[in-house]
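Structure first, then comments.
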Amino acid sequence: MSTAQSLFGLALVLGIAIIGLWTAWKQCVTLSHEQGDTAESRFFRGQASRRLVIAFILVFLGAMLGGAMILLEEPAQVIADLRDHADMTGTTFHLDDSQERFASIYGSYWLAFFLVFLILLAILAYDVLALRAFRLNIRRNILNLKRQAAAGSTTPPT
546 MSTAQSLFGL
556 ALVLGIAIIG
566 LWTAWKQCVT
576 LSHEQGDTAE
586 SRFFRGQASR
596 RLVIAFILVF
606 LGAMLGGAMI
616 LLEEPAQVIA
626 DLRDHADMTG
636 TTFHLDDSQE
646 RFASIYGSYW
656 LAFFLVFLIL
666 LAILAYDVLA
676 LRAFRLNIRR
686 NILNLKRQAA
696 AGSTTPPT
């Protein structure tokens, strides 16, 4: 692995981990400050909880990327170099048993990574939809209050 690739990978892993940790801290502050039993308080506590889960998933994804960089990159590169050499010489390339096991682990690792990423996207989508529903409910309540105020102002005083 080249130095530039290592530096970029390190920056990516640290960036994801820092964003996840900062988000987790902010959501913990929100959870500790959000008191009460109103609909708004329940919504904001739920939102902070969802975003706290998202933050932990981000940290986990950063750790998975770091683990892949440290543990999987070199053996995968060796297999890729052997494959390239076989292609250049025109020989048939076959994986031995240890390379076959590594390829299975490698594929499973990245499948797990993308499944965790899919879970992250699903929680993000749910958070966006919950926020949209909350905002529409507030807008609906404001319109109802305006209608009630307008209907109340047109009635003659008694």
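Residue numbering for the sequence shown is 546 to 703, as defined by the working numbering.
Note that CB positions come from ideal geometry on N, CA and C, so glycine has one too.
Since this is a predicted model, take the numbers as computed values, not measurements.
Task: For L557 and A667, the rounded distance between their alpha carbons - done: On the sequence shown, position 122 is the one that residue 667 refers to. On the sequence shown, position 12 is the one that residue 557 refers to. So the two alpha carbons sit approximately 22 Å from each other.
Open item on the list: Among the candidates F659, G611, F647 and E579, whose CA atom is the shortest distance from the CA of V623?
Closed with: If you number the sequence shown from 1, residue 623 lands on position 78. If you compare the alpha carbons of F659, G611, F647 and E579 with that of V623, the shortest gap goes to F647.
Task: Cut-off 8 Å between Cβ atoms - residues of its own chain near F588, not counting five sequence neighbours on either side - done: For the purposes of this step, residue 588 is taken as the residue at position 43 of the sequence shown. Closer than 8 Å at Cβ, skipping near neighbours: A675 and F679.
TODO: Can you give me the start and stop residues for the alpha helix (DSSP H) that G612 sits inside?
DONE: Position 67 of the sequence shown, counted from the start, is the residue given in the question as residue 612. Taken as a continuous stretch (DSSP letters only), the alpha helix (DSSP H) holding G612 covers A584 to G612.
Task: Assumed close pair Y654, L617 - CB separation to whole angstroms, cut-off 8 Å - done: On the sequence shown, residue 654 is found 109 positions in, with the first residue counted as 1. On the sequence shown, residue 617 is found 72 positions in, with the first residue counted as 1. Indeed they touch by this definition, with Cβ atoms about 6 Å apart.
Open item on the list: I'd like to know whether the C-beta of V604 is nearer than 8 Å to at least one C-beta of chain D.
Closed with: Of the protein chains in this structure there is only one, and it is not chain D.
Task: Own chain partners of R628 with C-beta closer than 6 Å, once the 5 adjacent residues on each side are dropped - done: Within the sequence shown, residue 628 is the residue found at index 83, counting from 1. Within the same chain, R628 has close Cβ partners F638.
Open item on the list: Here's the rule: buried if 16 or more other CB atoms are within 10 angstroms of the residue's CB, otherwise exposed. What is R596?
Closed with: Indexing the sequence shown from 1 puts residue 596 at position 51. With 16 or more Cβ atoms within 10 Å of its Cβ, R596 is classed as buried.
Open item on the list: Quick check on D641: does DSSP put it in helix, strand or coil?
Closed with: Along the sequence shown, read from residue 1 onward, the residue named residue 641 stands at position 96. Annotated three-state conformation of D641 is coil, per DSSP.
Open item on the list: In this structure, how does DSSP classify E618 when only helix, strand and coil are distinguished?
Closed with: Taking the sequence shown and counting its residues from 1, one reaches residue 618 at position 73. Three-state result, E618: helix.
Task: Nearest-angstrom beta carbon gap, L576 and A593 [assumed within contact, 8 Å] - done: Sequence index remark: in the sequence shown, residue 593 carries index 48 (1-based). Sequence index remark: in the sequence shown, residue 576 carries index 31 (1-based). With 8 Å as the limit, A593 and L576 qualify as a contact, their Cβ atoms being about 5 Å apart.
Task: Integer-rounded CB distance, given that G554 should sit under 8 Å from M614 - done: What you label residue 614 is simply residue 69 of the sequence shown in a count that begins at 1. What you label residue 554 is simply residue 9 of the sequence shown in a count that begins at 1. So it is a contact: roughly 5 Å between Cβ atoms.
Open item on the list: Here's the rule I'm using: 16 or more other beta-carbon atoms within 10 Å means buried, otherwise exposed. How should I603 be labelled?
Closed with: Position 58 of the sequence shown holds residue 603. The residue asked about is misnamed: residue 603 is Leu in this sequence, not Ile. By the neighbour-count definition (other C-beta atoms within 10 Å, threshold 16), L603 is a buried residue.
Task: DSSP state of Y636 mapped onto helix, strand, coil - done: Walking along the sequence shown from the start, residue 636 turns up at place 91. A small correction: the amino acid at residue 636 is Thr; Tyr does not occupy that position in the sequence shown. The DSSP-derived three-state label of T636 is coil.
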